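Working notes for the structure below.
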Amino acid sequence: MPVVSRDALVRAVQNVSSWGDTDVFPFPIENHVLHDKVDDVVALLEGVSNNFVADLARTGVSNYSTLAPVGYFGFRWATQIDPIWNVYLLALVLELAPDLEATRIPESEKKVFSYRFRPNTDDGSLFAAGAWRDFQTTTRELASASEFVVSLDIADFYARIYHHPLENALKRADRGGNVAFQIVRLLSTFSNNTSYGIPVGGPAARLLAEVVLNKVDHLLLVDEHLSTFCRYADDYRFFVPDMAEAHRVIAVLSEKLLRNEGLTIQKAKTRIMSSREYLAVLDPPNPEPGSAAAFLGLHIHYDPYSATAADDYERLKSQLGEFDVVGLLRTELNKGRVHAALVRRLVAAIQYMDETVQQQAILSLLENLETLAPVIPQVMLAVRACLEQLPSTFVAVVHAQLREIIRSGHYLAQIDLNLAYIVRALAVQHSTENEQLLIQLFEGPHGFGAGTAPNIQRDIMLILSRWGVTYWLSDQKNYIASAHPWVRRAFLIGSYTLRDEGEHWRNSAKAGFSDFDKIVHTWAADKRALPGWEVPV
Numbered sequence: 024m025p026v027v028s029r030d031a032l033v034r035a036v037q038n039v040s041s042w043g044d045t046d047v048f049p050f051p052i053e054n055h056v057l058h059d060k061v062d063d064v065v066a067l068l069e070g071v072s073n074n075f076v077a078d079l080a081r082t083g084v085s086n087y088s089t090l091a092p093v094g095y096f097g098f099r100w101a102t103q104i105d106p107i108w109n110v111y112l113l114a115l116v117l118e119l120a121p122d123l124e125a126t127r128i129p130e131s132e133k134k135v136f137s138y139r140f141r142p143n144t145d146d147g148s149l150f151a152a153g154a155w156r157d158f159q160t161t162t163r164e165l166a167s168a169s170e171f172v173v174s175l176d177i178a179d180f181y182a183r184i185y186h187h188p189l190e191n192a193l194k195r196a197d198r199g200g201n202v203a204f205q206i207v208r209l210l211s212t213f214s215n216n217t218s219y220g221i222p223v224g225g226p227a228a229r230l231l232a233e234v235v236l237n238k239v240d241h242l243l244l245v246d247e248h249l250s251t252f253c254r255y256a257d258d259y260r261f262f263v264p265d266m267a268e269a270h271r272v273i274a275v276l277s278e279k280l281l282r283n284e285g286l287t288i289q290k291a292k293t294r295i296m297s298s299r300e301y302l303a304v305l306d307p308p309n310p311e312p313g314s315a316a317a318f319l320g321l322h323i324h325y326d327p328y329s330a331t332a333a334d335d336y337e338r339l340k341s342q343l344g345e346f347d348v349v350g351l352l353r354t355e356l357n358k359g360r361v362h363a364a365l366v367r368r369l370v371a372a373i374q375y376m377d378e379t380v381q382q383q384a385i386l387s388l389l390e391n392l393e394t395l396a397p398v399i400p401q402v403m404l405a406v407r408a409c410l411e412q413l414p415s416t417f418v419a420v421v422h423a424q425l426r427e428i429i430r431s432g433h434y435l436a437q438i439d440l441n442l443a444y445i446v447r448a449l450a451v452q453h454s455t456e457n458e459q460l461l462i463q464l465f466e467g468p469h470g471f472g473a474g475t476a477p478n479i480q481r482d483i484m485l486i487l488s489r490w491g492v493t494y495w496l497s498d499q500k501n502y503i504a505s506a507h508p509w510v511r512r513a514f515l516i517g518s519y520t521l522r523d524e525g526e527h528w529r530n531s532a533k534a535g536f537s538d539f540d541k542i543v544h545t546w547a548a549d550k551r552a553l554p555g556w557e558v559p560v
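The numbering of the sequence shown is our numbering, which starts it at 24 and goes up by one.
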């Protein structure tokens, strides 16, 4: 009997294919395969479930870790997990998720708000909606009834989570013990066989992080001096009557975290505020129409595949029409340091503006990249979305600026995560200049180090395949056997551009395809047979 149920496997595949594998890296092409080949992928994962140790040893795990910017000067370590193992990890966690959720402080207590497990079969989502808004509302109410608010968060939370106490917590929910074993075995593999750290950015990691803090949450709840608290992810808020109690909660939480989980409080972000100070930094409950605070409360989501897509689009445009998006963005840029959450939402809204507004906004964004340093990935996502619907002459102007950013060695493009998103923006339009730059960029180095980033190489391979750059693809055939598995998979998809030459290569190479590569092979063949199909990037 498989360790993981088919229901958990299907839910994991559907979640990743609909919502992505991470909120840090660009989505990999494998998400398309997951979406189109659910049954094949689930069958493969059922085999992994039955032969986990042997399959892990046989296939290995191809992850990629790099620095992800945090703010203007900080970084955190981020890992993009090999696509098939990422889905399997999520399925393992989903197998235990209902039981894990049942051990948490109930939502009705209004203590813990983040990532409450509430799966939605309609859209594949996993968590209760509106959790951040509920957290804000509750903390506002509690602050209004208190003298002081203590704000704390955990230092390097995901990177410092120890596997042993996590495994103990998982085993209490895992009656057979095999699910917990496989989860921890994968986490250890992802962290290069160290006993701590979980990957940032995916739903499995979010659920596991909540498991880690659950014990501390309950310890706080039973202490009458600490029980007036709220938590969202690794951010705690305590509501206390005086300064003495404020200092006490800092000390006690520090002790509980260190003794139980080996975690520490981030000193630089620990604050004791008066109730008035705290309420002043919260988003107002009834923001002025058209204001930045009102925009933060706007739900911006559009699904082009929805049955009501046309009506949804017009409704969203109407909502956005109540705001001066460009004006709000200009105000942020003039500050020197932007409100990251607000700017992420503002740039996401640009693609729903009129053509002239889009062009003005894009040029403004490119002129202020240093100011936008904390949100470069979101900026490039917005730029790409707009360029796909703007005139080719304007696209050429923007691409010239992006090429110069790369060629000049701009420090923002030296961060390979940023570079990955810039490369995706260049994919919109084929030009000789873009083609030459991407070919030169393929061999790196990418980022501040001397190495190449497999996600960037993968995307360049896909882009040049989409553009039909056969002279380069044909040459790459001579070296692809030693490339990273993600790059080899991209070449497999792109090999159809080489026609007979690509077919000969596939016939000679298919004996070495992994089980997942075989699914990708079938997927690519099916897609290539469709009229007008292009390699997605």
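Cβ atoms here follow ideal geometry from the backbone N, Cα and C, with glycine treated the same way. Small disclaimer: the values here were computed from a predicted structure and weren't measured.
Leu440 versus Met266: straight-line alpha-carbon distance, rounded | Translated into the one-based positions of the sequence shown, residue 440 becomes position 417. Translated into the one-based positions of the sequence shown, residue 266 becomes position 243. Using only the alpha carbons, I get a separation of about 43 Å.
Handout entry: N- and C-terminal bounds of the beta strand (DSSP E) containing Phe50
Key = For the purposes of this step, residue 50 is taken as the residue at position 27 of the sequence shown. Here Phe50 belongs to no beta strand (DSSP E), and DSSP marks it neither H nor E.
Q.
Quick check: does the Cβ of Thr82 come within less than 7 Å of any heavy atom belonging to the ligand MG?
A. Absence of the ligand MG from the depicted structure is noted, as is the absence of any ligand whatsoever, leaving it without description.
With distances taken between CB atoms, is the gap from Leu117 to Arg195 smaller than 8 Å?
-> Walking along the sequence shown from the start, residue 117 turns up at place 94. Walking along the sequence shown from the start, residue 195 turns up at place 172. No; because the gap between Cβ atoms is not below 8 Å, this pair is not in contact.
ask   = Which residues in the same chain as Ile428 place their Cβ atom closer than 6 Å to its Cβ, once the five residues preceding and following it in sequence are excluded?
value = Mapped onto the sequence shown, residue 428 falls at position 405. Ala436, listed in sequence order.
Check your understanding: Three-state secondary structure (DSSP) at Phe471?
Key -> For the purposes of this step, residue 471 is taken as residue 448 along the sequence shown, with counting starting at 1. If DSSP states are grouped into helix, strand and coil, Phe471 belongs with coil.
- What runs of the alpha helix (DSSP H), each 4 residues or longer, lie entirely inside the segment 263 to 289? 266 to 284
Any idea which residues DSSP pairs Thr102 with across the strands?
Translated into positions along the sequence shown, residue 102 becomes position 79. Ser88, per the DSSP bridge assignment.
| field | Beta-carbon contacts of Ser72 that lie in its chain and below 6 Å, excluding the five residues immediately before and after | value | Position 49 of the sequence shown, counted from the start, is the residue given in the question as residue 72. Excluding residues within five positions, the ones whose Cβ falls inside 6 Å are Pro25, Val26, Val27.
| message | If you measure between the beta carbons of Phe140 and Ala168, is that distance less than 8 Å? | response | Counted from its first residue, the sequence shown places residue 140 at position 117. Counted from its first residue, the sequence shown places residue 168 at position 145. No, these two residues do not count as a Cβ contact at 8 Å.
Discussion item. Taking 8 Å as the threshold (C-beta atoms), are Val173 and Ala317 in contact?
Written reply: Counting from 1 along the sequence shown, the entry for residue 317 is found at position 294. Counting from 1 along the sequence shown, the entry for residue 173 is found at position 150. No, the pair does not count as a contact, with Cβ atoms beyond the cut-off.
Q. To which residues does DSSP link Val173 through a beta bridge?
A. Taking the first residue of the sequence shown as position 1, residue 173 is located at position 150. Phe261, Ile295, per the DSSP bridge assignment.
Checklist entry - In three-state DSSP terms, what is Val36? => result In the sequence shown, the residue the question calls residue 36 occupies position 13. It is helical.
Item to check | As assigned by DSSP and simplified to three states, the class of Phe75 | outcome: Position 52 of the sequence shown holds residue 75. Correct three-state label for Phe75: helix.
Checklist line | Inter-stretch contact at 8 Å, needing at least 3 Cβ pairs: the segment 125 to 144 / the segment 42 to 50 | finding: no
Segments of 4+ residues assigned as alpha helix (DSSP H) that fall wholly inside the segment 422 to 467 = 439 to 449, 455 to 465
- Query: Cα separation between Val223 and Ala125?
  - Reply: Stepping through the sequence shown from its first residue, residue 223 is reached at position 200. Stepping through the sequence shown from its first residue, residue 125 is reached at position 102. Taking the straight line from one Cα to the other gives about 24 Å.
Subject >> Minimum C-alpha distance to Phe262 - residue among Ser40, Val245, Met296 >> reply: Counting from one through the sequence shown, the residue named residue 262 turns up at place 239. Minimum Cα distance to Phe262 is reached at Met296.
If Thr455 sits next to Thr493, beta carbons under 8 Å apart, how far is it from one beta carbon to the other, in whole angstroms?
-> The sequence position of residue 455 within the sequence shown is 432, counting from 1. The sequence position of residue 493 within the sequence shown is 470, counting from 1. At roughly 15 Å, the Cβ-Cβ gap does not stay under 8 Å, so Thr455 and Thr493 are not in contact.
Hey, would you say Leu87 sits closer than 8 Å to Pro477, going by beta carbons?
-> The sequence position of residue 87 within the sequence shown is 64, counting from 1. The sequence position of residue 477 within the sequence shown is 454, counting from 1. Per the sequence shown, residue 87 should be read as Tyr rather than Leu. Contact: yes.
Quiz prompt | the segment 393 to 406 touching the segment 357 to 373, judged by at least three CB pairs closer than 8 Å | solution = yes
(message) For the structure I just gave you, are there three or more beta carbon pairs, one from the segment 535 to 553 and one from the segment 501 to 520, closer than 8 Å?
(response) yes
*asked:* Report the CB separation of Pro397 from Gly199 in whole angstroms; it is logged as a contact under 8 Å.
replied: Counting from one through the sequence shown, the residue named residue 397 turns up at place 374. Counting from one through the sequence shown, the residue named residue 199 turns up at place 176. Rounded, the Cβ-Cβ distance is 44 Å, inconsistent with contact.
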